[in-house]
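One structure is given here, and the rest of the page talks about it.
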Amino acid sequence: MKPVPPLLRKIRFPLLVFLAGLALIGNHTLRSHRQSVERQRSNIQAHAAQVGAQISGMAQHLMRKNLPRSVDLLMSYASVSPDLELGLVLDTDDVIRHATRQQWEGVSLSDSPLKGIGHLLANVRLRMEGQVTLDSKEESLTALFPFWEKPDNRSKGLLILDYSLVGPNRIALNETIHEAIAQTFALSAGSLMLWLMLTQWSTSKRLGYVVDQARTLMLREESPVPLEGEDELARFSRSFSDAAHRFGENEAHLNQLVSSIRDVSWFSRNTDHAEIFVNSVYGEIWEQSSDDLRTRRWGWLRKVIAEDRRHAIEFIRDLKAGVQPPPIEIRLCFQDRRMKWIECKGFFVVDPSGQILAVGGIATDISEKKNVDRLLLETAEDERMRIGQDLHDDVCQRMAAAQLKSGILQSSLSREGLSQASLAAEVADDLAKATDIVRGFAQGLAPVALEAEGLYEALSHLATFVEKAFAVRCWTTCMALPDCLDSTATTHLYRIAQELATNAARHANPEGIGISLSVTETTLVLQVTNDGAPFDGKPHSSSGMGLHAVRKHVDALGGRIEFRPSSRLLGGTTVICRFPVPRGSSSKPR
Amino acid sequence: MTNPPRLSRRGLYFALFVGLDAVLWLAAFTWTPPKSPPAPILSVSVWPGTESLIVAREMGLLPREKINFVEMSWSSSSMRAFGNRAVDIVGLSLSETILLHELGNPFHVILVIDNSNGADAIISKENVSNISDLRGKKIGVEVRSSGHYLLSRALEEAGLTLKDIELIPINLPESENAIAELGVDAVVTAEPWLTRIVKKGGHVLYDSTQTPGEFIRVLVARESTIDESGSALAELVTAHFKYLDPGLWPKEIFEGILRREGLSAAEFNDSLSRATPFSRSDQKALLSGAAPELMENFGTVMRHMKSMGLVSGALTEDLIINDSLISP
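Line order of the protein sequences matches chains X and Z. The first sequence begins at 3 in the working numbering and counts up one residue at a time. The second sequence begins at 770 in the working numbering and counts up one residue at a time.
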């Protein structure tokens, strides 16, 4: 559709009014002209009837009195009418006795200019009634009035007045045209005034003022004084001003609220290239200015570590698609190798039709919480180590001593030939088994191999333990580990492997369990695989605590855990835990 | 930064539009159709000297929209019609013009038509041989007309007055049969009835040849008509001069003129010879200048009329000789 030119757009309403007015004037002019012509004709008709009746009556009297000059005088005065073309007084033989143009006196009607009306005379004389006739072209009007020429009931004179309608028609046209001109002037003046009012005084100017109001709101400038008056625009302007005022107050409240919270709140319209609004906390957590987001909308993603970017992008994509994603945790990494944990929650805003209008969310720094969790884990680990150590160093020793004593007692009783020797042997055997079990617990609680033989040895012991405890084949593979792994890290790794392996043995009923450790330049991967019943990572009631503990350990190392099927055909579950390896770390051989 | 010239130009346009709007409103409320006065009404009598105007009308030179002709057979009726504003232009003799002027009608003399050289006359029965014989006789005359003046002049020359005769008021057309039908001894008449009466045996006792310069006929027009319809009057004057020569009249129209006059062609030409027309150049001398010659004629007639008691007042400067329409 072609755009309307600006000039036409400005004048189109007054122009439409003008054109409509012209149409009305045209219509009125045509009707007025017809009425004016009719009025003029009626006037002539009435005049002809009046003059005809008067003169015919007087002519009858004067001619009987033989006063022809008086009839001449009557005809002279009749010709004062500007529209009388010709007036004739005929005698009974249709000879013109008197005429307004005296050259026709004494001439027969058939030789005069009015010879064309001869056919009307007989009827008028027969009825002896006056008659006013309009010619077919409506250009002339003829009045015929009979009179008794002589008192003999036979001699019938006739007065003929022939009026031209050309002049009256011209007058009617003239009147109509000038009336139309005056109306056109009024219409033009009215249309021009309307245009001036629309553009200069009234609607357009006031509308422009309201637009300026809106613009100041968009530019966050002070809203101008609203329009005065009681018209629609004034009320709209006042409402707009009130809304802007309330909007400003709400915005101030919102800013106050936003500035008081310690989380990053962000908001963006769901359109391409829409600006992202974030509160000032963003600068504190991301340690970069929020202004950067105006030019680089994805600038916040640069601080997110590579492993988490995909999750973050999927999170945003789900929000924009109207799918409510679960909260995610991402990690920010800074140049000084510090890392922050961020929990992200999102929401989206829909209009009544279901269209996504905007997306937003809260990003909470949970690094402190993660540290607390880690400390709790470390404390628990310390306590576990202490208990294991106690079991190993005290209980196991005591039980070993008791077993030794039981063996001695059994030997003594046997030598005595006492029947209690077999009982002592059973006690010694039970103590041996109990010692093995307690030692196993002690090793589980305090895997001394972590420190003494390294993580691989501990995992090997773990595999042995699993095989013994659950009668499941278990094996370990391990690549060279980075030298940056301290005892805390290896403890966390061990605990993760321990929990996953025992969980798998306990719940998945597998035939085999594999534990592997691999390292790339940036990532350390701990993988626990089984061929038992598949598990999707969602904790069941019985194993909820164990998985929770696993996640805590993973978090403590800044890692991420993933559950996936081992084989599409055979089933089983592979749990993959990925941990970042600080730059500059080197691997040490196993 | 604002641009002052642009703002001032915009303000100028706004002022122009407001001004234009005001003009349009003013035009809408004050617009009236251009004044088109009705066509002036010319009263023409049956007189050889004004038949040129009838010919011009019949030739289409003077359509009704420009000049409306009212044909009146005698001058007193024309004077009355002029007085009651039924007509605007009328052809009169000097004495009639003076009488009209005395009644207070504002008019201008715009054209000198002709000079009567015997076209006005007193006709008597055969038993009356001179003016002095008219003492105690019945004389038919159109009162307050040139005939009235002619009778007075004739009586004056014979040492008589109007009191010495019995005046029978008639109108001019009645003069034709007045001697026979009204029993008058003499009748004052003018062309074309003069020719008709003579043809029937009438005896010319006295005529206008004996009072040269006193029976000039002029065309007078209402003052307001000159203002409103000056161009139409100019065309009237031009048309008069155009058809002054009967030789230029088409046959059919000439026949109509003869019917009007009630004369044969020879009789008409003869009567026309007794009403000597004034050419356009003659008009200059008669009408123009600080002291137009025509005023002398008016003065003469006025003097006689006053001495005979036909008028009571004097010729005033209100009698305006207007030569603006006779310029070629």
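Ideal placement from N, C-alpha and C gives every residue a C-beta, glycine not left out.
Closest by C-alpha distance to residue i, when choosing among the options
i	options	result
X:Ser166	X:Leu88, X:Asp93, X:Asp154 and X:Glu224	X:Leu88
Z:Ala1044	Z:Thr866, Z:Val912, Z:Ala855 and Z:Gly887	Z:Gly887
Z:Asn946	Z:Ile966, Z:Glu935, Z:Ile934 and Z:Ile937	Z:Ile966
X:Gln105	Z:His917, Z:Ile1022 and Z:Ser862	Z:Ile1022
Z:Val1006	Z:Pro806, Z:Ser1050 and Z:Trp794	Z:Ser1050
X:Gly231	X:Lys117, X:Ser241, X:His100 and X:Ser225	X:Ser241
X:Pro70	X:Asp113, X:Pro16 and X:Val91	X:Val91
X:Met60	X:Ala434, X:Leu75, X:Asp214 and X:Ser416	X:Leu75
Z:Val910	Z:Thr958, Z:Asn874, Z:Ser864 and Z:Phe1010	Z:Thr958
X:Pro484	X:Leu526, X:Ile315 and X:Leu160	X:Leu526
X:Ala434	X:Leu461, X:Ala404 and X:Arg298	X:Ala404
X:Thr366	X:His121, X:Arg298, X:Ala145 and X:Arg264	X:Arg264
Cβ distance (whole Å) where residue i is taken to contact residue j below 8 Å
i	j	result
Z:His972	Z:Glu895	6 Å
X:Thr524	X:Val583	5 Å
X:Cys346	X:Ile330	5 Å
X:His394	X:Ala444	4 Å
Z:Leu1056	Z:Val881	7 Å
X:Ser518	X:Cys480	7 Å
Z:Ala808	Z:Asn837	5 Å
X:Ser157	X:Trp150	7 Å
Z:Phe1037	Z:Asp883	14 Å between Cβ atoms; not a contact.
Z:Phe876	Z:Arg1029	Between Z:Arg1029 and Z:Phe876 the Cβ distance is about 26 Å, and since that is not below 8 Å, they are no contact.
X:Val280	X:Leu295	6 Å
Where residue i sits in the DSSP three-state scheme
i	result
X:Phe350	strand
X:Pro567	strand
Z:Met1064	helix
X:Tyr165	strand
Z:Ile721	Since the first residue shown for chain Z is 770 and the last is 1097, residue 721 of chain Z is missing from the structure and cannot be characterised.
Z:Asp889	strand
X:Arg609	Chain X is shown only over 3 to 592; residue 609 of chain X falls outside these bounds and no answer can be derived.
X:Gln133	strand
X:Ser292	coil
X:Val468	helix
X:Gln529	strand
X:Cys335	strand
Z:Phe838	strand
X:Asp395	helix
Z:Tyr1012	coil
Z:Trp800	coil
X:Glu232	coil
X:Ser489	helix
Z:Thr819	helix
X:Pro70	helix
Pairwise C-alpha distance: residue j and residue i
i	j	result
X:Ala360	X:Gly324	10 Å
X:Lys470	X:Ser292	58 Å
X:His247	X:Arg237	15 Å
X:Gln52	X:Pro84	16 Å
X:Arg319	X:Leu528	30 Å
X:Lys342	X:Arg333	5 Å
X:Phe537	X:Phe467	23 Å
X:Trp302	X:Asp310	13 Å
X:Gly539	X:Thr504	15 Å
X:Glu224	X:Gly250	10 Å
X:Glu564	X:Val474	23 Å
X:Tyr496	X:Gly560	15 Å
Z:Ala784	X:Asn29	34 Å
Z:Ser993	Z:Arg904	45 Å
beta-carbon residue i near the ligand GDP non-hydrogen atom, thresh 7 Å
i	result
X:Gly54	Absence of the ligand GDP from the depicted structure is noted, as is the absence of any ligand whatsoever, leaving it without description.
Give the residues from the region 161-186 of chain X that approach chain Z closer than 7 Å (Cβ to any Cβ), ordered along the chain. Gly169, Asn176, Glu177, His180, Ile183 and Ala184
Give, in chain order, every residue of the region 819-846 of chain Z whose Cβ lies closer than 9 Å to some Cβ of chain X. Within the region 819-846 of chain Z, contact with chain X at the beta-carbon level (separation under 9 Å) is assigned to Ile823, Arg826, Glu827, Arg833, Glu834, Asn837, Phe838, Val839, Glu840, Met841, Ser842, Trp843 and Ser846.
Could you name the residues of the region 922-940 of chain Z whose beta carbon sits closer than 8 Å to any beta carbon of chain X, in the order they occur along the chain? Asn940
Could you please tell me which residues of the region 188-201 of chain X, in chain order, have their CB closer than 7 Å to any CB of chain Z? Ala188, Ser190, Ala191, Leu194, Met195 and Leu198
Name, going along the chain, the residues of the region 781-793 of chain Z whose beta-carbon falls closer than 9 Å to a beta-carbon of chain X. Phe783, Phe786, Val787, Leu789, Asp790, Ala791, Val792 and Leu793
Which residues of the region 1025-1037 of chain Z have a Cβ closer than 8 Å to any Cβ of chain X? Give them in chain order. Gly1025, Ile1026, Arg1028 and Arg1029
Contact residues within the region 76-87 of chain X, judged by C-beta distance below 7 Å to chain Z: Answer in chain order: Ser78, Tyr79, Ser81, Val82 and Pro84.
May I ask you to list, following chain order, the residues of the region 960-973 of chain Z that have a beta carbon less than 9 Å from some beta carbon of chain X? none
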